[in-house]
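Protein chains in written order, with numbering that gives the first Met the number 0: chain A, 0 to 336; chain B, 0 to 336.
Using N, Cα and C, we set each Cβ at its ideal position, and we do this for glycine too.
All of these numbers come straight from a predicted model, not from anything done at the bench.
2 protein chains.
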Amino acid sequence: MEDVAREAGVSGQTVSRVVNARGYVGAATRERVEDAMQRLGYRPNSAARALRSGRFRAIGVIMFSFSSYGNQRTLDAIAVRASQMGYALTLIPVESSARDTVAGAFRRLEEHAVDGIIIVIEAHQLDEAEVEIPDGLPVVLVDSNRGATHPFVDTDQAQGARLATEHLLDLGHHTVWHVAGPAKSYSAERRRESWRQTLEARGVVAPEPLQGDWSAESGYQAGLRLRKDDGVTAVFAANDQMAIGVVRAFREAGRDIPGDVSVVGFDGLPDAAQLWPPLTTVQQHPEKVGALAVDALLAELDGGERAQTPLVSTELVVRQSSAAPRSRTAAPASHPT
Amino acid sequence: MEDVAREAGVSGQTVSRVVNARGYVGAATRERVEDAMQRLGYRPNSAARALRSGRFRAIGVIMFSFSSYGNQRTLDAIAVRASQMGYALTLIPVESSARDTVAGAFRRLEEHAVDGIIIVIEAHQLDEAEVEIPDGLPVVLVDSNRGATHPFVDTDQAQGARLATEHLLDLGHHTVWHVAGPAKSYSAERRRESWRQTLEARGVVAPEPLQGDWSAESGYQAGLRLRKDDGVTAVFAANDQMAIGVVRAFREAGRDIPGDVSVVGFDGLPDAAQLWPPLTTVQQHPEKVGALAVDALLAELDGGERAQTPLVSTELVVRQSSAAPRSRTAAPASHPT
DNA sequence: GCGCCGTGTGTCAACGTCAACATATGCGAT
DNA sequence: ATCGCATATGTTGACGTTGACACACGGCGC
Numbered sequence: 000m001e002d003v004a005r006e007a008g009v010s011g012q013t014v015s016r017v018v019n020a021r022g023y024v025g026a027a028t029r030e031r032v033e034d035a036m037q038r039l040g041y042r043p044n045s046a047a048r049a050l051r052s053g054r055f056r057a058i059g060v061i062m063f064s065f066s067s068y069g070n071q072r073t074l075d076a077i078a079v080r081a082s083q084m085g086y087a088l089t090l091i092p093v094e095s096s097a098r099d100t101v102a103g104a105f106r107r108l109e110e111h112a113v114d115g116i117i118i119v120i121e122a123h124q125l126d127e128a129e130v131e132i133p134d135g136l137p138v139v140l141v142d143s144n145r146g147a148t149h150p151f152v153d154t155d156q157a158q159g160a161r162l163a164t165e166h167l168l169d170l171g172h173h174t175v176w177h178v179a180g181p182a183k184s185y186s187a188e189r190r191r192e193s194w195r196q197t198l199e200a201r202g203v204v205a206p207e208p209l210q211g212d213w214s215a216e217s218g219y220q221a222g223l224r225l226r227k228d229d230g231v232t233a234v235f236a237a238n239d240q241m242a243i244g245v246v247r248a249f250r251e252a253g254r255d256i257p258g259d260v261s262v263v264g265f266d267g268l269p270d271a272a273q274l275w276p277p278l279t280t281v282q283q284h285p286e287k288v289g290a291l292a293v294d295a296l297l298a299e300l301d302g303g304e305r306a307q308t309p310l311v312s313t314e315l316v317v318r319q320s321s322a323a324p325r326s327r328t329a330a331p332a333s334h335p336t
Numbered sequence: 000m001e002d003v004a005r006e007a008g009v010s011g012q013t014v015s016r017v018v019n020a021r022g023y024v025g026a027a028t029r030e031r032v033e034d035a036m037q038r039l040g041y042r043p044n045s046a047a048r049a050l051r052s053g054r055f056r057a058i059g060v061i062m063f064s065f066s067s068y069g070n071q072r073t074l075d076a077i078a079v080r081a082s083q084m085g086y087a088l089t090l091i092p093v094e095s096s097a098r099d100t101v102a103g104a105f106r107r108l109e110e111h112a113v114d115g116i117i118i119v120i121e122a123h124q125l126d127e128a129e130v131e132i133p134d135g136l137p138v139v140l141v142d143s144n145r146g147a148t149h150p151f152v153d154t155d156q157a158q159g160a161r162l163a164t165e166h167l168l169d170l171g172h173h174t175v176w177h178v179a180g181p182a183k184s185y186s187a188e189r190r191r192e193s194w195r196q197t198l199e200a201r202g203v204v205a206p207e208p209l210q211g212d213w214s215a216e217s218g219y220q221a222g223l224r225l226r227k228d229d230g231v232t233a234v235f236a237a238n239d240q241m242a243i244g245v246v247r248a249f250r251e252a253g254r255d256i257p258g259d260v261s262v263v264g265f266d267g268l269p270d271a272a273q274l275w276p277p278l279t280t281v282q283q284h285p286e287k288v289g290a291l292a293v294d295a296l297l298a299e300l301d302g303g304e305r306a307q308t309p310l311v312s313t314e315l316v317v318r319q320s321s322a323a324p325r326s327r328t329a330a331p332a333s334h335p336t
């Protein structure tokens with residue numbers, strides 16, 4: 000900076016004023032300074048700036064290492080939005096939900112230079128880790144609400160699950176089986192509860208949900224159990240990957256999708272349309288979630304406000320893995336469970 | 000820090016020594032200082048540290064916004080390794096390869112506080128953007144070598160493509176068709192050339208490769224063309240997603256996989272094993288790539304050395320989408336192209 | 001003609017840390 | 001007894017930036 004000041008024949012303070020477009024600077028002076036900056040390739044030193052101002056213009060993201068596709072997209076959206084707003088993004092990966100691992104992430108983040116934190120970790124996993132979120136730093140949660148002690152942003156899980164369930168009922172299925180996500184997951188819980196409520200609202204008894212862990216493998220395992228029961232004609236899987244596993248299980252047994260069994264997923268994986276058969280799914284919009292999370296955090300940073308953002312809604316994308324049940328419906332299916 | 004020093008009855012310098020475990024500090028003094036830090040919840044200020052030392056203990060990653068699954072995994076591995084080494088990770092997303100967008104990313108990164116940069120962008124896209132990589136900052140490339148002007152880390156694309164191609168030939172197929180990735184992609188080019196060379200080394204004429212863009216949709220389009228030709232019995236797709244599309248195209252036409260046509264992918268998507276049929280694929284190890292990239296960068300940072308890391312090799316995972324051709328091979332297939 | 005205000009620019013100090021140097025003590029070797 | 005060295009701690013200044021304040025100039029209103 001000093002060099003620039005000398006080159007332009009002004010004081011350092013004036014250079015600072017030009018850079019920050021703050022205070023009075025004569026037009027001619029401004030031009031000279033800008034020239035000098037150009038010539039010398041001057042870049043403000045962010046460390047000094049941060050030291051002086053106490054602001055880093057960076058936000059931290061704490062996220063699970065092996066994260067779902069949706070969360071990856073969310074991260075991406077967060078990065079894009081942050082960068083648009085002139086903020087850098089510092090990523091703190093967490094490898095497991097072990098207590099000290101998560102706590103360690105917070106510690107690292109406190110030491111590192113961030114003005115606020117976005118946490119993209121399932122609420123239940125947070126609870127389990129018994130982590131107290133450090134205060135002093137604004138925090139926004141994604142994919143959880145954790146007692147609403149902090150602003151949170153999320154997909155409208157309940158609405159999406161309702162769409163999927165109603166779609167299958169409307170096609171004429173007697174009821175809808177559910178392959179749920181892991182017990183610890185907040186999203187999984189919301190999807191499961193909404194599925195159950197939707198069935199009950201229609202006066203249908205909800206079968207016992209099967210437990211998965213988001214992986215295609217766990218969907219396959221669930222499918223193996225479901226296919227033993229001839230009464231199963233409609234399955235709503237809590238994500239697309241598990242839906243893939245369910246499809247595989249039925250296919251292996253020679254059952255047709257959607258002829259014998261309809262399957263609906265949740266997420267909107269980009270390749271879901273190219274699967275065989277193309278998968279009916281609930282399309283999420285992680286990019287909106289990410290952008291909203293950044294906006295919410297910046298609002299907290301600037302205003303100290305804590306406006307709750309609305310949930311991001313989903314759409315049902317009907318493809319070829321769901322259809323009306325075989326006419327066999329004439330003879331009402333046995334209702335096990 | 001001053002508060003801690005007062006609390007412990009020592010000078011700030013001594014606190015600094017305790018924190019950094021540098022220089023001589025008496026055992027009793029150290030304990031007192033540590034106590035005081037604990038009580039006061041002292042955290043060193045990274046901005047001041049960076050200002051003083053010129054080091055930020057952060058590395059920047061420039062990466063495409065809509066990146067492949069493999070790159071996401073790589074990013075994740077980079078984050079984990081960086082964090083192990085006590086470095087923070089600053090993520091700079093690039094939305095398109097438009098020249099000013101990429102250049103803007105570099106500019107942002109220069110202003111932001113990083114000690115080095117890892118670039119996870121296809122080399123050809125970099126070239127196209129005509130970006131000159133800023134010097135002064137150590138750089139490591141992933142997924143490209145760009146004339147080897149910088150250290151680079153990558154999967155051994157050629158070895159992987161050879162494994163896939165030889166596998167199909169060894170099963171008894173006369174030749175192997177190829178669905179390539181986008182022309183701009185360095186990885187796609189390597190995989191294509193290696194496929195071609197492997198065929199030629201066996202004295203087989205390589206059919207014209209089909210052009211895809213990594214997406215399952217493009218694989219489907221390629222599959223539509225391939226299925227018109229009855230001579231096609233073996234297809235090597237440059238990634239798993241395109242393989243999925245190829246499978247769908249054949250299936251829709253009532254052709255059996257692997258009965259009529261064998262399909263092999265590349266990547267090792269976690270769900271490839273759960274597809275129907277489970278997909279034979281070349282397993283990559285993006286987590287190794289990411290870790291190596293960080294190590295290479297830190298080596299450059301510390302030593303100024305520029306040791307080239309070896310390519311990360313792949314393994315063929317044989318599943319049910321590939322098999323020997325139907326006995327029809329007795330009557331040699333017509334060789335179109 | 002005087003003071004006031006808006007404009008344009010410079011000086012100084014401080015942000016928190018740490019390298020360099022200065023100081024101080026004790027112990028063994030000469 | 002003296003010196004040298006290892007150990008242990010304090011003092012000072014500088015990293016690059018910017019807020020607070022001071023200063024200088026010209027035009028305006030009374």
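Query, Result
"Check B/A87 in the structure and name its three-state DSSP category.", "strand"
"Of all the beta strand (DSSP E) runs that stay within the bounds of the stretch 166 to 223 of chain A, which reach a length of 3 or more residues?", "176 to 179"
"Going by CA-CA distance only, name the one from B/D266, B/A323, B/S320 and B/E314 that's closest to B/Q71.", "B/D266"
"Counting only beta-carbon separations shorter than 9 Å, does A/I117 have a partner in chain B?", "no"
"Residues in its own chain within less than 7 Å of A/R305 by CB, not counting five upstream and five downstream?", "P150 and E299"
"Say whether the stretch 288 to 295 of chain B touches the stretch 246 to 263 of chain B, bearing in mind that this needs 3 or more beta-carbon pairs closer than 8 Å, one atom from each stretch.", "no"
"Are three or more beta carbon pairs between the stretch 20 to 35 of chain B and the stretch 51 to 60 of chain B nearer than 8 Å?", "no"
"Label A/A104 either buried or exposed according to how many other C-beta atoms from any shown protein chain fall within 10 Å of its C-beta, with 16 as the threshold for buried.", "buried"
"Distance check for A/R325 and B/H284, CA to CA, integer angstroms please.", "45 Å"
"Who are the neighbours of B/S10 on chain A, taking C-beta pairs under 7 Å?", "Simply none; closest approach about 21 Å."
"Would A/S15 count as contacting chain B if we go by Cβ distances under 9 Å?", "no"
"Is the separation between the beta-carbon of A/G244 and that of A/A272 shorter than 9 Å?", "no"
"Grouping DSSP H, G and I as helix and E and B as strand, with all else coil, what is B/I117?", "strand"
"Kindly indicate the opening and closing residues of the beta strand (DSSP E) around B/T148.", "Taken as a continuous stretch (DSSP letters only), B/T148 belongs to no beta strand (DSSP E), as it is neither H nor E."
"Between the stretch 82 to 97 of chain B and chain A, which residues of the former have CB atoms less than 7 Å from a CB of the latter, in chain order?", "S82, A87, L88, T89, L90, I91, P92 and E94"
"Since A/Q240 meets chain B, which of its residues come closer than 7 Å, beta carbon to beta carbon?", "D270"
"Could you check what DSSP says for A/A236 in three-state terms: helix, strand or coil?", "strand"
"Flag this pair as yes or no: are the beta carbons of A/M241 and A/G211 separated by less than 9 Å?", "yes"
"Hey, is B/L291's beta-carbon within less than 9 Å of any beta-carbon in chain A?", "no"
"To the nearest angstrom, report how far apart A/S184 and A/E121 are at their CA atoms.", "6 Å"
"Determine the DSSP secondary structure at B/T313, reduced to helix, strand or coil.", "coil"
"If contacts are defined as beta-carbon pairs under 8 Å, then B/V246 and B/W176 qualify, I think. What distance do you get, rounded to the angstrom?", "The Cβ separation is near 14 Å, so there is no contact."
"Using a cut-off of 9 Å between C-beta atoms, extract the partners of B/I243 located in chain A.", "D270, Q273, L274 and W275"
"9 Å is my cut-off, CB to CB: does A/F235 come that close to chain B?", "no"
"Three or more C-beta pairs closer than 8 Å, one from the stretch 160 to 175 of chain A and one from the stretch 82 to 89 of chain A: is that the case here?", "no"
"Can you find a C-beta in chain B that's less than 9 Å from the C-beta of A/Y68?", "yes"
"Beta-carbon within less than 7 Å of B/S238's beta-carbon, same chain only, minus the 5 sequence neighbours each way: which residues are those?", "Per the sequence shown, the amino acid found at residue 238 of chain B is Asn instead of Ser. Closer than 7 Å at Cβ, skipping near neighbours: G180, W213, G264, F265 and D266."
"Considering only their Cβ atoms, is the gap separating B/V311 from B/V152 smaller than 9 Å?", "yes"
"Do B/Y41 and B/L268 have their CB atoms nearer than 9 Å?", "no"
"Roughly how many whole angstroms lie between the Cα atoms of B/G63 and B/E94?", "Here residue 63 of chain B turns out to be Phe, not Gly, going by the sequence shown. Their backbone Cα atoms lie some 6 Å apart in a straight line."
"Kindly indicate the opening and closing residues of the alpha helix (DSSP H) around B/V3.", "E1 to A7"
"For B/I77, which residues of its own chain have a beta-carbon under 7 Å away from its beta-carbon, when the five flanking residues on both sides are left out?", "V60, L88, I117, G289, A292 and V293"
"Based on Cα-Cα distance, which residue from A/V113, A/I91, A/A57 and A/S66 lies nearest to A/Q83?", "A/A57"
"Reducing DSSP to helix, strand and coil, say where A/D229 ends up.", "coil"
"For A/L278, which of A/E188, A/S320 and A/D259 has the nearest alpha-carbon?", "A/S320"
"Exposed or buried, which one is B/G218 when buried takes at least 16 other CB atoms within 10 Å?", "buried"
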